[in-house]
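If you count the sequence shown from 1, you need to add 643 to reach my numbering. Each residue gets a CB set at the ideal place from its N, CA and C atoms; glycine is no exception.
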Amino acid sequence: MKITGIATFHAFASGRNNIFIEVSTDEGITGVGEAYSIGPDRSVIAMIDEMTPWFVNHDPTRIEWLMRRAKNTMRFPLGQVAWSALSGIDIALWDIAGKAANVPVYKLLGGPTRDKVRVYHGVYGDSPEQVGEHARQLMDEGYTAFKTSPIPGNWREIPWAQTLREADERMAAIREAIGDSPDLAVDVHTAIREHGKSLELARVITPYRLMFIEEPAGAEFIASTAELRKHFRVALATGENLYGLARYTELLDADAVDIIQPDMLCCGGLLEAKKIAAVAEAHYVTVAPHNPLGLLSTAAGVHHAASINNFSILEWHGDHRKKKAEFINEPWEPVNGHFELPTQAGIGMTLNHDAIAANPPQHWDRGFGTYEDGSPGFL
644 MKITGIATFH
654 AFASGRNNIF
664 IEVSTDEGIT
674 GVGEAYSIGP
684 DRSVIAMIDE
694 MTPWFVNHDP
704 TRIEWLMRRA
714 KNTMRFPLGQ
724 VAWSALSGID
734 IALWDIAGKA
744 ANVPVYKLLG
754 GPTRDKVRVY
764 HGVYGDSPEQ
774 VGEHARQLMD
784 EGYTAFKTSP
794 IPGNWREIPW
804 AQTLREADER
814 MAAIREAIGD
824 SPDLAVDVHT
834 AIREHGKSLE
844 LARVITPYRL
854 MFIEEPAGAE
864 FIASTAELRK
874 HFRVALATGE
884 NLYGLARYTE
894 LLDADAVDII
904 QPDMLCCGGL
914 LEAKKIAAVA
924 EAHYVTVAPH
934 NPLGLLSTAA
944 GVHHAASINN
954 FSILEWHGDH
964 RKKKAEFINE
974 PWEPVNGHFE
984 LPTQAGIGMT
994 LNHDAIAANP
1004 PQHWDRGFGT
1014 YEDGSPGFL
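Take a look at the structure:
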């Protein structure tokens, strides 16, 4: 079997673009994958186009060799664009391998280490009342783990003391809604870049029995993250903004993290994620994959989670109810806060090309928040 081509499909829905990939072969087996949409997205698509000749006419099941060849062909260490492109191709190659062997991908990655994959659901709302009500609704749907932003969206425009007070009110509202038993995590989104403020926030929200505090510092600032972890009394999670085994090894060797959060669509794909998880296991660290982009991303996360020992929990945002669910033919959704392991060969998903064509890409970027004085903030 030989690779004959790599095609990309760019579509917009639910507030951002998706970059889907299909790798075709001369035996009629097609693999699907997805690359992270970093905004600007066209750079990732251009990188995939540049990489395509390195894969065409080669055996798609030689995944380790193909990935190493691609990395070695580039002159400088890979950045976000290249890692995202490689990740999408990697997932598609595993899909081909699973279909060729007529087994789900996780069975090629070592076989299932668990019977189902637990998820946490994002909790949203501008006020304590809104986050409390959303959490209560999700409890009724069977979820047992949740994550939210601990600070209000306008925190840059109000005094810090008010931000801390509102953080306390938000967390209290959620705990009142869900009770003591469910897990609750928070995500700071790397927005706070001052140790003192990060520590103050942690002290305010720690009494609410947190599963973890996510990204209290930029993941690239490994020394700062390690310093914060020394003072935290709950687990520190980070890693969605890191790519490749080497950067994760730096993070782990610095004793800077309790839970790593690689994203299958930009960390290097399923093969790289398996290596990252093994190094994390050797450091007594668990894995909670980052997963904001939709159903195909979720499928990759489920296969990864099903094949490693140190999986903790998978991010989930109810994507089966969003418009971008139309891009996938298979309607995956969790039951009582868990995904059952897929039984279909390969990844278990196919693209709905009509829906993708009907939703052309749009320009988008993350933008940036500004402080009251007009200076730009971090995201």
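Report task. Assign Val675 to buried or exposed, taking buried as 16 or more other Cβ atoms, counted over all protein chains shown, within 10 Å of its Cβ. Result -> Numbered from 1 along the sequence shown, position 32 holds the residue referred to as residue 675. With a threshold of 16 other beta carbon atoms within 10 Å, Val675 meets it and is buried.
Requested in this report: May I ask you to report which of helix, strand or coil DSSP gives Glu924?
Outcome: On the sequence shown, residue 924 is found 281 positions in, with the first residue counted as 1. Helix, per DSSP.
Query raised in the report: Got a sec, what are the start and stop residues for the alpha helix (DSSP H) Ser841 sits in?
Result: Position 198 of the sequence shown, counting from 1, holds the residue named residue 841. Counting along the chain, the alpha helix (DSSP H) containing Ser841 begins and ends at His838 to Ile848.
Query raised in the report: Between Leu938 and the ligand HEM, is the CB less than 7 Å from at least one heavy atom?
Result: The model depicted lacks the ligand HEM and carries no ligand whatsoever.
Query - Residue span of the alpha helix (DSSP H) that contains His947, given as start and end - result: The sequence position of residue 947 within the sequence shown is 304, counting from 1. From DSSP, the alpha helix (DSSP H) with His947 extends over Leu938 to Ala948.
Report task. Could you round the C-beta distance between Asn934 and Trp959 to whole angstroms and report it? I think they count as a contact, below 8 Å. Result -> Within the sequence shown, residue 934 is the residue found at index 291, counting from 1. Within the sequence shown, residue 959 is the residue found at index 316, counting from 1. Indeed, because the Cβ distance is near 7 Å, the residues count as touching under 8 Å.
Report task. Look at the alpha carbon of Ile801 and the alpha carbon of Asp769, and state the distance between them as a whole number of angstroms. Result -> Position 158 of the sequence shown, counted from the first residue, corresponds to residue 801. Position 126 of the sequence shown, counted from the first residue, corresponds to residue 769. Each residue's Cα considered, the two are about 14 Å apart.
Query raised in the report: According to the neighbour-count rule (16 or more other Cβ atoms, all chains shown, within 10 Å of its Cβ), is Gln780 buried or exposed?
Result: Taking the first residue of the sequence shown as position 1, residue 780 is located at position 137. The residue in question, Gln780, is exposed, as its Cβ has fewer than 16 Cβ neighbours within 10 Å.
Report task. Using the Cα positions of Glu819 and Gly775, report the straight-line distance between them to the nearest angstrom. Result -> Taking the first residue of the sequence shown as 1, we reach residue 819 at position 176. Taking the first residue of the sequence shown as 1, we reach residue 775 at position 132. So the alpha carbons of these two residues sit roughly 7 Å apart.
Query - Segment limits, beta strand (DSSP E) that includes His981 - result: Counting from one through the sequence shown, the residue named residue 981 turns up at place 338. Unbroken beta strand (DSSP E) run through His981: His981 to Glu983.
Query raised in the report: With a Cβ-Cβ cutoff of 8 Å, do Gln904 and Thr881 count as a contact?
Result: As a first step, residue 904 must be located in the sequence shown, where it is residue number 261. As a first step, residue 881 must be located in the sequence shown, where it is residue number 238. For Gln904 and Thr881, yes; Cβs fall inside 8 Å.
Query - Leu1055, DSSP secondary structure in three states - result: The structure shown has nothing for residue 1055, since the chain only spans 644 to 1022.
Query raised in the report: Phe663 and Phe655 look like a contact to me (Cβ under 8 Å); what is the Cβ gap, rounded to whole Å?
Result: Locating residue 663 in the sequence shown gives position 20, counting from the first residue. Locating residue 655 in the sequence shown gives position 12, counting from the first residue. Here Phe663 is actually not in contact with Phe655; their C-beta atoms are around 12 Å apart, not less than 8 Å.
Query - Reduced DSSP secondary structure (H/G/I, E/B, other) of Arg1009 - result: Within the sequence shown, numbered from 1, the residue matching residue 1009 stands at position 366. Reduced to three states, the DSSP call for Arg1009 is coil.
Query raised in the report: From which residue to which residue does the alpha helix (DSSP H) around Trp708 run?
Result: Counting from one through the sequence shown, the residue named residue 708 turns up at place 65. Ile706 to Thr716 is the span of the alpha helix (DSSP H), which, as asked, contains Trp708.
Requested in this report: Might you give, ordered along the chain, the residues of its own chain that have their beta carbon closer than 8 Å to the beta carbon of Met1023, omitting 5 neighbours on each side?
Outcome: This structure does not reach residue 1023, given that the chain is present from 644 up to 1022, and the question cannot be answered.
Query - Backbone secondary structure at Ser667 - three-state DSSP - result: Mapped onto the sequence shown, residue 667 falls at position 24. Strand at Ser667.
Query raised in the report: How big is the Cα-Cα spacing for Gly911 and Asn661?
Result: In the sequence shown, residue 911 corresponds to position 268, counting from 1. In the sequence shown, residue 661 corresponds to position 18, counting from 1. Answer to the nearest angstrom: the Cα atoms are 17 Å apart.
Query raised in the report: Which runs of the beta strand (DSSP E), 3 residues or longer, sit entirely within the segment 885 to 935?
Result: none
Requested in this report: Tell me the start and end of each unbroken beta strand (DSSP E) in the segment 845 to 879 that is at least 3 residues and wholly inside, in chain order.
Outcome: none
Report task. Ignore the nearest five residues each way along the sequence and tell me which others in Lys750's own chain have a CB closer than 6 Å to its CB. Result -> In the sequence shown, counting from the first residue as 1, residue 750 sits at position 107. Within the same chain, Lys750 has no close Cβ partners at all.
Query - Among Asn952, Gly937 and Leu938, nearest to Ile919 - alpha-carbon criterion - result: Residue numbering aside, residue 919 sits at position 276 when the sequence shown is read from its first letter. The shortest Cα separation from Ile919 among Asn952, Gly937 and Leu938 belongs to Asn952.
Query raised in the report: In the DSSP assignment, what residue or residues form a beta bridge with Val762?
Result: Locating residue 762 in the sequence shown gives position 119, counting from the first residue. In DSSP, Val762 forms a bridge with Leu957.
Query raised in the report: In terms of alpha-carbon separation, which member of His832, Gly1020, Leu879 and Glu863 lies closest to Thr849?
Result: The residue you call residue 849 lines up with position 206 of the sequence shown. Checking every option, the nearest Cα to that of Thr849 belongs to Leu879.
Query raised in the report: What is the DSSP secondary structure of Pro703, reduced to helix, strand or coil?
Result: Within the sequence shown, residue 703 is the residue found at index 60, counting from 1. In this structure, Pro703 counts as coil in the three-state DSSP scheme.
Query - Close beta carbons around Thr647, own chain, < 7 Å, minus the five adjacent residues each side - result: In the sequence shown, the residue the question calls residue 647 occupies position 4. The residues are Ser667, Thr668, Asp669 and Val699.
Query - Residue interval of the beta strand (DSSP E) (run including Phe652) - result: The count along the sequence shown starts at 1 and reaches residue 652 at position 9. Annotation: the continuous beta strand (DSSP E) that includes Phe652 extends over Ile646 to Ala656.
Query raised in the report: What's the call for Lys742, buried or exposed, on a 16-neighbour Cβ count within 10 Å?
Result: Locating residue 742 in the sequence shown gives position 99, counting from the first residue. The residue in question, Lys742, is buried, as its Cβ has 16 or more Cβ neighbours within 10 Å.
Query raised in the report: Can you tell me where the beta strand (DSSP E) with Val831 in it begins and where it stops?
Result: Numbered from its first residue, the sequence shown carries residue 831 at position 188. Element bounds for Val831: n/a, residue is neither H nor E.
Report task. Indicate whether the contact test is met: 3 or more Cβ pairs, each with one atom in the segment 753 to 764 and one in the segment 704 to 715, closer than 8 Å. Result -> no
Report task. Grab me the residues of Ala788's own chain with a C-beta within less than 8 Å of its C-beta, minus the 5 sequence neighbours each way, in chain order. Result -> On the sequence shown, position 145 is the one that residue 788 refers to. Hits under 8 Å: Arg761, Val762, Tyr763, His764, Pro825, Asp826, Leu827, Ala828, Met854, Ile956 and Gly980.
Report task. State the start and end residues of the unbroken beta strand (DSSP E) segment that holds Phe698. Result -> Walking along the sequence shown from the start, residue 698 turns up at place 55. Where Phe698 is concerned, there is no enclosing beta strand (DSSP E), although the alpha helix (DSSP H) it sits in stretches over Arg685 to Phe698.
Report task. Can you check DSSP and say which residues form a bridge with Ala678? Result -> Position 35 of the sequence shown holds residue 678. Partner(s): Ile662.
Requested in this report: Go through its chain and collect everything with a Cβ distance to Ala728's Cβ below 7 Å, but skip five positions before and after it.
Outcome: Start at 1 with the first residue of the sequence shown, and residue 728 comes out as number 85. Correct list, in chain order: Ala678, Val687, Met690, Ile691 and Met694.
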